[in-house]
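**Student:**
Protein chains in written order, with the numbering used here: chain A, 212 to 351; chain B, 1303 to 1476.
#1: Ordered along the chain, which non-local residues of its own chain (more than five positions away) have a Cβ less than 7 Å from that of residue 1419 of chain B?
#2: Which bits of chain A does residue 1327 of chain B rub up against, with CB to CB less than 8 Å?
#3: List the DSSP bridge partners of residue 228 of chain A.
#4: For the segment 275-339 of chain A, list the beta strand (DSSP E) runs that are entirely contained and at least 3 residues long, ordered along the chain.
#5: Below 8 Å on the Cβ atoms is my contact criterion, and I expect residue 297 of chain A with residue 1353 of chain B to pass it. Report the Cβ-Cβ distance as a whole number of Å.
#6: Can you give me the start and stop residues for the alpha helix (DSSP H) that residue 1384 of chain B sits inside?
#7: Report back the beta-carbon spacing between residue 268 of chain A and residue 1380 of chain B to the nearest angstrom; my notes put them in contact at under 8 Å.
#8: Residues of chain A with a CB under 8 Å from the CB of residue 1408 of chain B: which are they?
#9: Is it true that the CB of residue 1413 of chain B sits closer than 9 Å to the CB of residue 334 of chain A?
#10: Are the Cβ atoms of residue 284 of chain A and residue 1468 of chain B separated by less than 9 Å?
#11: Counting only beta-carbon atoms, is residue 1423 of chain B nearer than 9 Å to chain A?
#12: Could you list which residues in chain A have their beta carbon closer than 7 Å to that of residue 1378 of chain B, in chain order?
#13: In chain A, which residues lie with their C-beta within 7 Å of the C-beta of residue 1353 of chain B?
#14: Cβ of residue 1449 of chain B versus every heavy atom of the ligand MG: is any distance shorter than 8 Å?
#15: Starting from residue 339 of chain A, find everything on chain B with Cβ-Cβ shorter than 7 Å and list it in chain order.
#16: Kindly list, in the order they appear in chain B, the residues whose Cβ is closer than 7 Å to that of residue 233 of chain A.
#17: For the segment 1462-1475 of chain B, which residues have a beta carbon sitting closer than 7 Å to at least one beta carbon of chain A?
#18: To the nearest angstrom, how far is it from the Cα of residue 288 of chain A to the Cα of residue 344 of chain A?
#19: Less than 9 Å between the C-beta atoms of residue 264 of chain A and residue 1361 of chain B, yes or no?
#20: If contacts are defined as beta-carbon pairs under 8 Å, then residue 1450 of chain B and residue 300 of chain A qualify, I think. What distance do you get, rounded to the angstrom?
#21: Is there a Cβ of chain A sitting closer than 9 Å to that of residue 1307 of chain B, yes or no?
#22: When you compare the CB of residue 317 of chain A with every CB in chain B, is at least one pair closer than 9 Å?
#23: Of all the options A/290, A/330, A/249, A/310, which has the alpha carbon lying nearest to the alpha carbon of residue 1429 of chain B?
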């Protein structure tokens, strides 16, 4: 895979549904060795973390109620939430180049449907995705 | 651990897989809605814990699904949930990867333009939902805001921030 091919695949994975890095590994593996390459890349990426995380799941199920651990996880959760928000703010910057403000408006609608109204993801996106793509097609 | 729990894990995450535009973190509100409110696999606090554990564990973000599956139905649950969350989207990605050379031109780039605000809206919703869940006092809110600011303005490795936040929690400052 060349650098350009990698960049194109990476950009593609930002838009594909599902875990980004996982999708990238599938596309990368597929380019090199077809379906078998995809499966091997997927196992290589997911396998080791799966074993580690299962061990963590086991430990958490056993000791999750210990007060000291609780307090540490509370701190990490607060920071991790900030990480998600800060990363999101970085990603959102290009949206504001939209003079008509339609892209920020679509992002805001999505935020409200999922984050505030807590509507089911699939029903919300069944409306929002065609709407947002239609808007982009009309404006192109 | 009944087979029906495994079937429900598979069904929920297979569906979510195809709607998590922007990555696994885009679906955190849906995961919480399903795991806590709909299926009662875990409490709201346990969900927040599991989110925190997934963030500090090396590996792709999708591993939060493994922990939810583990909490719902043990090791089999972890396996089923992980495969369900990766399966449908991987098949889709494989197919799109094959035809991606033909995916060019104005319509395709307009489609990407249309999906971008959706993924950003979803990740913002995720951040908001987990920030709300973690905001049990003023100090915790400050940690969230400070981390967001640091991530926005610097390239600091978040693990340092997580370590600080964990120590603050341990010292009962949060």
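The beta-carbon is built from N, C-alpha and C at its ideal position, and this holds for glycine as well. Only a predicted model underlies this, so the values are computations on that prediction, with no experimental measurement involved.
**Tutor:** Taking the coordinates as given:
#1: The sequence position of residue 1419 of chain B within the second chain is 117, counting from 1. The answer is none, since no qualifying residue turns up.
#2: The sequence position of residue 1327 of chain B within the second chain is 25, counting from 1. Correct list: 295.
#3: Here residue 228 of chain A is taken as the residue at index 17 of the first chain, counted from 1. Residue 228 of chain A is bridged to B/1323.
#4: none
#5: Counting from 1 along the first chain, the entry for residue 297 of chain A is found at position 86. Counting from 1 along the second chain, the entry for residue 1353 of chain B is found at position 51. The Cβ separation is near 16 Å, so there is no contact.
#6: Sequence index remark: in the second chain, residue 1384 of chain B carries index 82 (1-based). Counting along the chain, the alpha helix (DSSP H) containing residue 1384 of chain B begins and ends at 1365-1401.
#7: The residue given as residue 268 of chain A occupies position 57 in the first chain. The residue given as residue 1380 of chain B occupies position 78 in the second chain. Rounded to whole angstroms, the Cβ separation of residue 268 of chain A and residue 1380 of chain B is 6 Å, and the two are in contact under 8 Å.
#8: On the second chain, position 106 is the one that residue 1408 of chain B refers to. Correct list: 351.
#9: Translated into the one-based positions of the first chain, residue 334 of chain A becomes position 123. Translated into the one-based positions of the second chain, residue 1413 of chain B becomes position 111. For residue 334 of chain A and residue 1413 of chain B, no; Cβs fall outside 9 Å.
#10: Working through the first chain from its first residue, we reach residue 284 of chain A at position 73. Working through the second chain from its first residue, we reach residue 1468 of chain B at position 166. Yes, the pair counts as a contact, with Cβ atoms nearer than the cut-off.
#11: Here residue 1423 of chain B corresponds to residue number 121 of the second chain, with the count starting at 1. Answer yes: the Cβ-Cβ gap between residue 1423 of chain B and chain A drops below 9 Å somewhere.
#12: Mapped onto the second chain, residue 1378 of chain B falls at position 76. Here the premise fails: no neighbours, minimum Cβ distance about 11 Å.
#13: Here residue 1353 of chain B refers to the residue found at position 51 of the second chain. Going along chain A in sequence order, the residues near residue 1353 of chain B (Cβ under 7 Å) are 288, 291.
#14: The ligand MG is not part of this structure, which contains no ligands at all.
#15: Position 128 of the first chain holds residue 339 of chain A. Under the 7 Å cutoff, chain B gives 1420.
#16: Translated into positions along the first chain, residue 233 of chain A becomes position 22. Ordered by position in chain B, the residues that pass the 7 Å Cβ test against residue 233 of chain A are 1362, 1364, 1388, 1392.
#17: 1463, 1464, 1467, 1468, 1470, 1471, 1472, 1474
#18: The residue you call residue 288 of chain A lines up with position 77 of the first chain. The residue you call residue 344 of chain A lines up with position 133 of the first chain. C-alpha separation (whole angstroms): 34 Å.
#19: Here residue 264 of chain A corresponds to residue number 53 of the first chain, with the count starting at 1. Here residue 1361 of chain B corresponds to residue number 59 of the second chain, with the count starting at 1. In contact: residue 264 of chain A and residue 1361 of chain B (Cβ atoms closer than 9 Å).
#20: To locate residue 1450 of chain B, count along the second chain from 1; it is residue 148. To locate residue 300 of chain A, count along the first chain from 1; it is residue 89. So it is a contact: roughly 7 Å between Cβ atoms.
#21: Indexing the second chain from 1 puts residue 1307 of chain B at position 5. Chain A, which has no Cβ nearer than 9 Å to the Cβ of residue 1307 of chain B, makes this no.
#22: The residue given as residue 317 of chain A occupies position 106 in the first chain. Closer than 9 Å: yes.
#23: If you number the second chain from 1, residue 1429 of chain B lands on position 127. Per the Cα distances, A/290.
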